[in-house]
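Asks: Quick one: structure below, then a few questions.
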Amino acid sequence: MSRNLVRQGATVIGAGVTGSWQALMLSRAGFDVTLHERSTSSLEDSTGYWAGGMLAPYCESEATEPVIARLGLRALDLWRSECPDTAINGTLVVAHRRD
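In case it helps, my numbering puts the sequence shown at residues 19 to 117.
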């Protein structure tokens, strides 16, 4: 018995951190992925551009809910698994207490 297997397609809108991650996961799951981004190649409208692409869960936990630190730690684990050669040397925080 012969089966015709058809790959499903997925369209992801936005090539920032989240959109790119979703496109990668969908591709690995066997989808034909089309990724659309409206801004220039420098992604100057993306959250990663404006937030500096910073993953600093311990620093963030100083002023936010515990779930943010947990999600940040999970994100660091994902980053390390996807890019094991990336140097992660910690975070230096220099700020006045009121900042």
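All residues carry an ideal CB built from backbone N, CA and C; glycine is no exception.
(1) Mark GLY32 as exposed unless 16 or more other C-beta atoms lie within 10 angstroms of its C-beta, in which case mark it buried.
(2) Can you give me the Cβ contacts of ALA41 inside the same chain, cut-off strictly under 7 Å, excluding the 5 residues immediately before and after it?
(3) Is it true that the CB of THR65 sits closer than 8 Å to the CB of GLY90?
(4) Where does the unbroken alpha helix (DSSP H) through LEU89 begin, and where does it stop?
(5) Hey, LEU96 and PRO75 are a contact pair by Cβ (cut 8 Å); roughly how many whole angstroms apart?
(6) Whole angstroms is fine: what's the gap from ILE86's alpha carbon to TYR67's?
Replies: In brief:
(1) buried
(2) VAL30, VAL51 and LEU53
(3) Not a contact, by the Cβ cut-off of 8 Å.
(4) 84–100
(5) About 12 Å separates the Cβ atoms of LEU96 and PRO75, ruling out a contact at the 8 Å cut-off.
(6) 20 Å
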